[in-house]
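Just so we're aligned: the sequence shown equals residues 1104 to 1470 in this note's numbering.
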Amino acid sequence: METLTLETKGSPQVRIKTIDGDLRLVGQAGKVFEAQAPTKGQLMVRQEGEQIDLSCQAGCLIFLPAASQVEVDSVGGDLHLTGLLGQARFNHVEGDARLRRAGAVSVERLGGSLSVDKINGDLRVQAVGGEAEVRDVQGDLHLHDVGGDLRLRLIEGSVEADVSGDASVRLSPSQGTHSRIQAEGDVTAWLPRDASAVVRVTALGDVLLPKPSEHVAVEGPGVVRCGSGSASVELSSGGDLTLRLGGVGSESVWGVDLEGEIAARVNTSLAEMEASLEELGLDSVNIDSERLGNRVRKAVARAVRAASRGGAQVRTSTETEGGLRSTAAATTAGGEQERLAVLRMVEEGKINTDEAEALLQALEDAG
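Shown next, in the form of C-alpha coordinates:
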(Lines of atoms letter the chains of each structure in order from A and count residues from 1; the text may use other names and numbers.)
(Lines give C-alpha, C1' and ligand atoms only; values in the text may rest on other atoms or scores of the structure.)
Protein backbone atom coordinates (compact mmCIF):
# COMPACT_ATOMS: atom_id res chain seq x y z
CA MET A 1 0.00 0.00 0.00
CA GLU A 2 1.31 3.43 -0.98
CA THR A 3 0.41 6.39 1.25
CA LEU A 4 0.98 10.08 0.55
CA THR A 5 0.32 12.71 3.23
CA LEU A 6 0.08 16.48 2.78
CA GLU A 7 -0.48 19.39 5.15
CA THR A 8 -3.15 21.94 4.16
CA LYS A 9 -4.73 25.05 5.66
CA GLY A 10 -7.99 23.15 6.18
CA SER A 11 -10.02 23.77 3.02
CA PRO A 12 -8.00 22.71 -0.04
CA GLN A 13 -9.26 22.63 -3.62
CA VAL A 14 -8.89 19.00 -4.70
CA ARG A 15 -8.94 18.12 -8.40
CA ILE A 16 -9.00 14.40 -9.20
CA LYS A 17 -8.48 13.60 -12.86
CA THR A 18 -8.85 9.83 -13.17
CA ILE A 19 -9.42 6.95 -10.75
CA ASP A 20 -9.41 3.61 -12.56
CA GLY A 21 -11.00 1.70 -9.65
CA ASP A 22 -13.20 2.59 -6.67
CA LEU A 23 -12.89 6.01 -5.06
CA ARG A 24 -13.56 6.55 -1.36
CA LEU A 25 -13.55 10.08 -0.01
CA VAL A 26 -13.72 10.52 3.76
CA GLY A 27 -13.98 14.01 5.24
CA GLN A 28 -12.58 14.39 8.74
CA ALA A 29 -11.52 17.01 11.28
CA GLY A 30 -8.07 18.53 10.95
CA LYS A 31 -5.95 19.79 8.06
CA VAL A 32 -4.25 16.61 6.83
CA PHE A 33 -4.79 15.26 3.32
CA GLU A 34 -3.91 11.57 2.95
CA ALA A 35 -4.23 9.35 -0.14
CA GLN A 36 -3.82 5.57 -0.12
CA ALA A 37 -3.59 3.26 -3.13
CA PRO A 38 -2.04 -0.10 -4.08
CA THR A 39 1.71 0.07 -4.61
CA LYS A 40 1.36 -0.53 -8.35
CA GLY A 41 -1.51 1.93 -8.69
CA GLN A 42 0.84 4.73 -9.82
CA LEU A 43 -0.65 7.23 -7.39
CA MET A 44 0.20 10.75 -8.53
CA VAL A 45 -0.33 13.71 -6.19
CA ARG A 46 0.81 17.30 -6.73
CA GLN A 47 0.27 20.22 -4.36
CA GLU A 48 0.53 23.89 -5.24
CA GLY A 49 -0.65 26.09 -2.39
CA GLU A 50 -4.18 24.96 -1.49
CA GLN A 51 -4.63 23.25 -4.87
CA ILE A 52 -4.13 19.47 -4.89
CA ASP A 53 -4.16 17.44 -8.13
CA LEU A 54 -4.44 13.65 -8.01
CA SER A 55 -4.77 10.67 -10.32
CA CYS A 56 -4.46 6.92 -9.81
CA GLN A 57 -4.53 3.85 -12.04
CA ALA A 58 -6.26 1.79 -9.35
CA GLY A 59 -8.73 2.23 -6.51
CA CYS A 60 -7.96 5.03 -4.08
CA LEU A 61 -8.90 5.94 -0.49
CA ILE A 62 -8.61 9.61 0.41
CA PHE A 63 -8.90 11.22 3.84
CA LEU A 64 -9.20 14.98 3.58
CA PRO A 65 -10.36 18.00 5.62
CA ALA A 66 -14.15 18.08 5.83
CA ALA A 67 -14.28 21.60 4.34
CA SER A 68 -12.41 20.58 1.16
CA GLN A 69 -13.83 21.42 -2.27
CA VAL A 70 -13.61 18.44 -4.62
CA GLU A 71 -13.91 18.09 -8.39
CA VAL A 72 -13.56 14.66 -10.05
CA ASP A 73 -13.40 13.94 -13.78
CA SER A 74 -13.73 10.15 -13.92
CA VAL A 75 -14.17 7.21 -11.54
CA GLY A 76 -13.86 3.75 -13.10
CA GLY A 77 -15.56 1.91 -10.21
CA ASP A 78 -17.83 2.81 -7.30
CA LEU A 79 -17.88 6.10 -5.44
CA HIS A 80 -18.21 6.24 -1.63
CA LEU A 81 -18.35 9.70 -0.08
CA THR A 82 -18.67 10.28 3.67
CA GLY A 83 -18.36 13.37 5.86
CA LEU A 84 -17.27 15.82 3.15
CA LEU A 85 -19.05 19.11 3.88
CA GLY A 86 -17.54 21.18 1.07
CA GLN A 87 -18.98 21.19 -2.43
CA ALA A 88 -18.27 18.07 -4.51
CA ARG A 89 -18.63 17.71 -8.28
CA PHE A 90 -18.28 14.51 -10.31
CA ASN A 91 -18.31 14.29 -14.09
CA HIS A 92 -18.57 10.51 -14.61
CA VAL A 93 -18.86 7.57 -12.20
CA GLU A 94 -18.91 4.14 -13.84
CA GLY A 95 -20.32 2.18 -10.88
CA ASP A 96 -22.60 2.91 -7.93
CA ALA A 97 -22.50 6.02 -5.75
CA ARG A 98 -23.08 6.11 -1.98
CA LEU A 99 -23.21 9.59 -0.47
CA ARG A 100 -23.36 10.03 3.31
CA ARG A 101 -23.30 13.19 5.43
CA ALA A 102 -22.08 15.50 2.71
CA GLY A 103 -22.46 19.08 1.51
CA ALA A 104 -23.83 20.06 -1.90
CA VAL A 105 -23.12 17.36 -4.52
CA SER A 106 -23.52 17.27 -8.28
CA VAL A 107 -22.96 14.29 -10.59
CA GLU A 108 -23.13 14.49 -14.36
CA ARG A 109 -23.36 10.77 -15.20
CA LEU A 110 -23.67 7.77 -12.88
CA GLY A 111 -23.54 4.32 -14.44
CA GLY A 112 -24.94 2.37 -11.46
CA SER A 113 -27.31 2.99 -8.58
CA LEU A 114 -27.52 5.98 -6.25
CA SER A 115 -27.83 5.79 -2.46
CA VAL A 116 -27.98 9.04 -0.49
CA ASP A 117 -28.39 9.87 3.18
CA LYS A 118 -28.03 13.37 4.68
CA ILE A 119 -27.00 16.04 2.19
CA ASN A 120 -26.60 19.54 3.61
CA GLY A 121 -27.28 21.42 0.39
CA ASP A 122 -28.55 20.77 -3.12
CA LEU A 123 -28.18 17.38 -4.83
CA ARG A 124 -28.10 17.31 -8.63
CA VAL A 125 -27.59 14.17 -10.70
CA GLN A 126 -28.04 14.42 -14.44
CA ALA A 127 -28.29 10.68 -15.18
CA VAL A 128 -28.54 7.58 -12.94
CA GLY A 129 -28.14 4.23 -14.68
CA GLY A 130 -29.82 2.17 -11.94
CA GLU A 131 -32.21 2.82 -9.08
CA ALA A 132 -32.03 5.75 -6.70
CA GLU A 133 -32.75 5.91 -2.96
CA VAL A 134 -32.48 9.39 -1.49
CA ARG A 135 -33.09 10.46 2.10
CA ASP A 136 -32.68 13.72 3.98
CA VAL A 137 -31.64 16.45 1.55
CA GLN A 138 -31.50 19.93 3.10
CA GLY A 139 -31.88 21.65 -0.26
CA ASP A 140 -33.25 21.07 -3.74
CA LEU A 141 -33.15 17.66 -5.42
CA HIS A 142 -32.74 17.25 -9.18
CA LEU A 143 -32.66 13.74 -10.69
CA HIS A 144 -33.09 14.22 -14.40
CA ASP A 145 -32.88 10.62 -15.66
CA VAL A 146 -33.22 7.67 -13.25
CA GLY A 147 -32.95 4.34 -15.08
CA GLY A 148 -34.61 2.26 -12.34
CA ASP A 149 -36.99 2.86 -9.43
CA LEU A 150 -36.90 5.93 -7.19
CA ARG A 151 -37.48 6.03 -3.47
CA LEU A 152 -37.14 9.29 -1.58
CA ARG A 153 -38.12 11.00 1.66
CA LEU A 154 -37.27 14.03 3.78
CA ILE A 155 -36.47 16.50 1.00
CA GLU A 156 -36.53 20.08 2.31
CA GLY A 157 -36.52 21.94 -1.00
CA SER A 158 -38.02 21.46 -4.45
CA VAL A 159 -37.88 18.09 -6.19
CA GLU A 160 -37.51 17.43 -9.89
CA ALA A 161 -37.23 13.81 -11.01
CA ASP A 162 -37.72 11.79 -14.21
CA VAL A 163 -37.91 8.05 -13.52
CA SER A 164 -37.97 5.06 -15.88
CA GLY A 165 -39.33 2.72 -13.20
CA ASP A 166 -41.67 3.20 -10.23
CA ALA A 167 -41.51 6.13 -7.82
CA SER A 168 -42.27 5.90 -4.09
CA VAL A 169 -41.91 9.33 -2.52
CA ARG A 170 -42.65 10.99 0.81
CA LEU A 171 -42.80 14.72 0.35
CA SER A 172 -42.98 17.55 2.88
CA PRO A 173 -43.31 20.52 0.52
CA SER A 174 -42.22 23.80 2.08
CA GLN A 175 -43.91 27.09 1.28
CA GLY A 176 -42.98 28.36 -2.16
CA THR A 177 -41.38 25.11 -3.39
CA HIS A 178 -42.23 23.60 -6.78
CA SER A 179 -41.83 19.85 -7.22
CA ARG A 180 -42.33 17.68 -10.30
CA ILE A 181 -42.03 13.87 -10.37
CA GLN A 182 -42.62 11.95 -13.58
CA ALA A 183 -42.36 8.14 -13.74
CA GLU A 184 -42.94 5.67 -16.53
CA GLY A 185 -44.14 3.15 -13.94
CA ASP A 186 -46.40 3.55 -10.89
CA VAL A 187 -46.23 6.53 -8.55
CA THR A 188 -47.05 6.38 -4.85
CA ALA A 189 -46.76 9.66 -2.97
CA TRP A 190 -47.35 10.59 0.67
CA LEU A 191 -47.85 14.08 2.06
CA PRO A 192 -48.12 15.06 5.76
CA ARG A 193 -51.64 15.42 7.13
CA ASP A 194 -51.05 19.15 7.56
CA ALA A 195 -49.46 19.66 4.13
CA SER A 196 -50.11 22.95 2.34
CA ALA A 197 -49.85 22.32 -1.40
CA VAL A 198 -51.71 22.20 -4.68
CA VAL A 199 -51.13 18.76 -6.18
CA ARG A 200 -51.76 18.09 -9.88
CA VAL A 201 -51.79 14.45 -10.98
CA THR A 202 -51.92 12.66 -14.33
CA ALA A 203 -51.76 8.91 -14.95
CA LEU A 204 -52.38 6.40 -17.71
CA GLY A 205 -53.64 3.88 -15.16
CA ASP A 206 -55.83 4.11 -12.09
CA VAL A 207 -55.73 7.17 -9.82
CA LEU A 208 -56.42 7.04 -6.07
CA LEU A 209 -56.76 10.40 -4.28
CA PRO A 210 -57.52 11.36 -0.66
CA LYS A 211 -61.15 11.87 0.28
CA PRO A 212 -62.33 15.49 0.56
CA SER A 213 -62.29 16.91 4.08
CA GLU A 214 -61.90 20.21 5.90
CA HIS A 215 -58.22 20.17 4.97
CA VAL A 216 -58.44 18.57 1.51
CA ALA A 217 -60.41 19.83 -1.49
CA VAL A 218 -60.64 18.15 -4.90
CA GLU A 219 -60.85 21.14 -7.23
CA GLY A 220 -61.20 19.31 -10.51
CA PRO A 221 -59.95 16.29 -12.45
CA GLY A 222 -56.50 15.59 -11.08
CA VAL A 223 -56.23 18.67 -8.84
CA VAL A 224 -56.09 18.39 -5.05
CA ARG A 225 -55.64 21.36 -2.72
CA CYS A 226 -54.26 20.65 0.75
CA GLY A 227 -54.55 23.50 3.22
CA SER A 228 -53.81 26.92 1.76
CA GLY A 229 -51.86 25.43 -1.16
CA SER A 230 -48.62 27.32 -0.52
CA ALA A 231 -46.49 24.80 -2.46
CA SER A 232 -46.85 23.19 -5.87
CA VAL A 233 -46.51 19.46 -6.63
CA GLU A 234 -46.91 17.75 -10.02
CA LEU A 235 -47.12 13.96 -10.22
CA SER A 236 -47.20 12.10 -13.54
CA SER A 237 -47.39 8.32 -13.95
CA GLY A 238 -47.25 5.96 -16.89
CA GLY A 239 -49.05 3.41 -14.70
CA ASP A 240 -51.16 3.76 -11.55
CA LEU A 241 -50.93 6.76 -9.23
CA THR A 242 -51.74 6.93 -5.52
CA LEU A 243 -51.69 10.06 -3.38
CA ARG A 244 -52.04 9.65 0.39
CA LEU A 245 -51.99 11.92 3.40
CA GLY A 246 -50.53 11.05 6.80
CA GLY A 247 -48.16 8.38 8.13
CA VAL A 248 -48.10 4.75 7.07
CA GLY A 249 -46.27 1.60 8.06
CA SER A 250 -43.75 2.27 10.80
CA GLU A 251 -45.21 5.72 11.51
CA SER A 252 -48.58 4.20 12.48
CA VAL A 253 -46.90 1.86 14.97
CA TRP A 254 -44.17 4.01 16.51
CA GLY A 255 -45.32 7.56 15.82
CA VAL A 256 -42.07 8.17 13.94
CA ASP A 257 -40.45 6.99 10.72
CA LEU A 258 -38.62 4.16 12.46
CA GLU A 259 -37.70 2.27 9.30
CA GLY A 260 -36.14 5.39 7.81
CA GLU A 261 -34.28 6.24 11.00
CA ILE A 262 -32.78 2.76 11.29
CA ALA A 263 -31.87 2.75 7.58
CA ALA A 264 -30.06 6.06 8.03
CA ARG A 265 -28.11 4.75 11.01
CA VAL A 266 -27.24 1.54 9.15
CA ASN A 267 -25.98 3.45 6.10
CA THR A 268 -23.91 5.93 8.08
CA SER A 269 -22.46 3.34 10.45
CA LEU A 270 -21.42 1.01 7.61
CA ALA A 271 -19.71 3.84 5.72
CA GLU A 272 -17.83 4.90 8.83
CA MET A 273 -16.89 1.28 9.57
CA GLU A 274 -15.45 0.83 6.07
CA ALA A 275 -13.42 4.01 6.36
CA SER A 276 -12.11 3.05 9.81
CA LEU A 277 -11.04 -0.41 8.67
CA GLU A 278 -9.16 0.94 5.69
CA GLU A 279 -7.58 3.73 7.73
CA LEU A 280 -6.23 1.06 10.08
CA GLY A 281 -4.93 -0.97 7.16
CA LEU A 282 -7.16 -3.94 7.87
CA ASP A 283 -7.42 -4.93 4.21
CA SER A 284 -7.62 -8.64 5.06
CA VAL A 285 -10.87 -8.25 7.00
CA ASN A 286 -13.50 -9.93 4.86
CA ILE A 287 -16.64 -7.81 5.43
CA ASP A 288 -19.11 -7.32 2.61
CA SER A 289 -20.70 -4.24 4.16
CA GLU A 290 -23.08 -3.60 1.28
CA ARG A 291 -24.50 -7.13 1.49
CA LEU A 292 -24.72 -6.86 5.28
CA GLY A 293 -26.40 -3.46 5.07
CA ASN A 294 -28.96 -4.70 2.54
CA ARG A 295 -29.80 -7.68 4.74
CA VAL A 296 -30.23 -5.50 7.82
CA ARG A 297 -32.40 -2.97 5.97
CA LYS A 298 -34.61 -5.71 4.53
CA ALA A 299 -34.99 -7.30 7.96
CA VAL A 300 -36.00 -3.95 9.44
CA ALA A 301 -38.53 -3.33 6.66
CA ARG A 302 -40.08 -6.79 7.14
CA ALA A 303 -40.33 -6.34 10.90
CA VAL A 304 -41.87 -2.87 10.55
CA ARG A 305 -44.47 -4.10 8.06
CA ALA A 306 -45.34 -7.06 10.27
CA ALA A 307 -45.67 -4.84 13.33
CA SER A 308 -47.94 -2.43 11.45
CA ARG A 309 -50.23 -5.37 10.62
CA GLY A 310 -50.57 -6.23 14.29
CA GLY A 311 -48.42 -9.35 14.24
CA ALA A 312 -47.58 -11.78 11.43
CA GLN A 313 -44.79 -13.95 10.13
CA VAL A 314 -41.43 -12.20 10.48
CA ARG A 315 -37.95 -13.21 9.45
CA THR A 316 -35.01 -11.48 11.10
CA SER A 317 -31.43 -11.69 9.81
CA THR A 318 -28.47 -11.90 12.17
CA GLU A 319 -24.77 -12.34 11.59
CA THR A 320 -23.00 -15.52 12.70
CA GLU A 321 -19.54 -16.99 12.20
CA GLY A 322 -20.73 -18.80 9.11
CA GLY A 323 -22.34 -15.75 7.58
CA LEU A 324 -25.92 -14.51 7.78
CA ARG A 325 -28.80 -16.75 8.76
CA SER A 326 -32.51 -16.19 9.31
CA THR A 327 -34.77 -16.96 12.23
CA ALA A 328 -38.53 -17.18 11.59
CA ALA A 329 -41.25 -16.90 14.19
CA ALA A 330 -44.98 -16.27 14.29
CA THR A 331 -45.39 -13.42 16.75
CA THR A 332 -47.85 -11.03 18.31
CA ALA A 333 -47.70 -7.26 17.95
CA GLY A 334 -45.97 -7.06 21.33
CA GLY A 335 -43.35 -9.56 20.20
CA GLU A 336 -42.74 -7.52 17.06
CA GLN A 337 -42.05 -4.43 19.11
CA GLU A 338 -39.55 -6.38 21.22
CA ARG A 339 -37.74 -7.55 18.08
CA LEU A 340 -37.71 -4.04 16.66
CA ALA A 341 -36.19 -2.84 19.92
CA VAL A 342 -33.41 -5.43 19.51
CA LEU A 343 -32.72 -4.20 15.99
CA ARG A 344 -32.57 -0.63 17.22
CA MET A 345 -30.04 -1.57 19.89
CA VAL A 346 -27.84 -3.20 17.23
CA GLU A 347 -27.90 -0.08 15.06
CA GLU A 348 -27.17 2.16 18.05
CA GLY A 349 -24.16 0.00 18.96
CA LYS A 350 -25.56 -0.95 22.36
CA ILE A 351 -25.26 -4.68 21.60
CA ASN A 352 -23.37 -6.69 18.99
CA THR A 353 -24.85 -9.16 16.51
CA ASP A 354 -24.08 -12.21 18.65
CA GLU A 355 -25.92 -10.67 21.59
CA ALA A 356 -28.79 -9.70 19.29
CA GLU A 357 -29.06 -13.26 18.01
CA ALA A 358 -29.24 -14.58 21.57
CA LEU A 359 -32.00 -12.09 22.43
CA LEU A 360 -33.98 -12.90 19.29
CA GLN A 361 -33.66 -16.61 19.95
CA ALA A 362 -34.84 -16.08 23.54
CA LEU A 363 -37.86 -14.13 22.29
CA GLU A 364 -38.65 -16.92 19.84
CA ASP A 365 -38.41 -19.57 22.55
CA ALA A 366 -40.60 -17.49 24.86
CA GLY A 367 -43.21 -17.10 22.14
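Note that the Cβ used here is the ideal one computed from N, Cα and C, for glycine as well.
Sorted by chain position, which residues of the same chain lie with C-beta nearer than 8 Å to GLY1206's C-beta, five sequence neighbours on each side aside? LEU1187, LEU1188, GLY1189, GLN1190, ALA1191, ILE1222, ASN1223 and GLY1224
Measure how close the beta-carbons of LEU1348 and PRO1315 come, nearest whole angstrom, since I'm counting them as under 8 Å. With a Cβ gap of about 11 Å, LEU1348 and PRO1315 do not count as contacting.
Do ARG1127 and LEU1184 come within 9 Å of each other at the CB atom, strictly closer than that value? yes
Element boundaries [beta strand (DSSP E), containing LYS1134]: LYS1134 -> no beta strand (DSSP E), and no H or E assigned at all.
Quick one: grab the DSSP three-state call for LYS1143. helix
Check the DSSP bridge columns for GLY1279 and list the partner residues they point to. GLY1279 pairs with nothing; no bridge assigned.
Would you please state the rounded distance, in angstroms, between the beta carbons of GLY1484 and GLY1288? I believe it to be under 8 Å. Shown here, the chain extends from 1104 to 1470; a query on residue 1484 therefore has no answer.
My assumption, with CB atoms under 8 Å, is that ALA1138 sits in contact with ALA1169. Please give the rounded CB distance. Actually they are not in contact, since the Cβ atoms of ALA1138 and ALA1169 sit about 16 Å apart, beyond 8 Å.
Simplified DSSP state of THR1111, which is helix, strand or coil: coil
Under three-state DSSP, which class holds ARG1192? strand
Under 6 Å Cβ to Cβ from GLN1172, same chain only, skipping five residues before and after it: list those, please. GLN1116, GLY1189 and GLN1190
May I ask you to report which of helix, strand or coil DSSP gives ASP1123? coil
Look at the alpha carbon of ASP1269 and the alpha carbon of LYS1143, and state the distance between them as a whole number of angstroms. 43 Å
Whole-angstrom Cβ separation of ALA1200 and LEU1217, contact assumed at under 8 Å? 5 Å
Three-state secondary structure assigned by DSSP to ASP1323: Here residue 1323 turns out to be Gly, not Asp, going by the sequence shown. Strand.
Exposed or buried, GLU1197, counting other C-beta atoms within 10 Å across all chains shown (16 or more means buried)? buried
In the stretch 1147-1231, which residue ranges form an unbroken beta strand (DSSP E) of at least 3 residues, counting only runs that do not cross its ends? 1147-1151, 1154-1159, 1163-1168, 1172-1178, 1182-1185, 1191-1196, 1200-1205, 1208-1213, 1217-1222 and 1226-1231
Could you give the distance in angstroms between the alpha-carbon of ARG1254 and the alpha-carbon of LEU1246? 12 Å
Considering GLU1287, what are the terminal residues of the beta strand (DSSP E) in which it resides? First-last for GLU1287: undefined, no H or E at that position.
From the DSSP output, read off the bridge partner residues of VAL1265. As written in the sequence, residue 1265 is Asp, which differs from the Val given in the question. GLN1285, per the DSSP bridge assignment.
I'd like the span of the beta strand (DSSP E) that includes SER1339, first residue to last. 1334-1340
Take ASP1156 as the anchor and find which of PHE1136, LYS1120, GLY1130 and VAL1135 has the nearest alpha-carbon. LYS1120
Assess, as a yes-or-no matter, whether the stretch 1274-1281 is touched by the stretch 1315-1328 under the definition of 3 or more beta carbon pairs within less than 8 Å. no
DSSP state of GLN1116, grouped into three classes? strand
Burial state of ASP1297, where buried means 16 or more other Cβ atoms lie within 10 Å: exposed
May I have the straight-line CA-CA distance separating PRO1276 from THR1106, to the nearest angstrom? 46 Å
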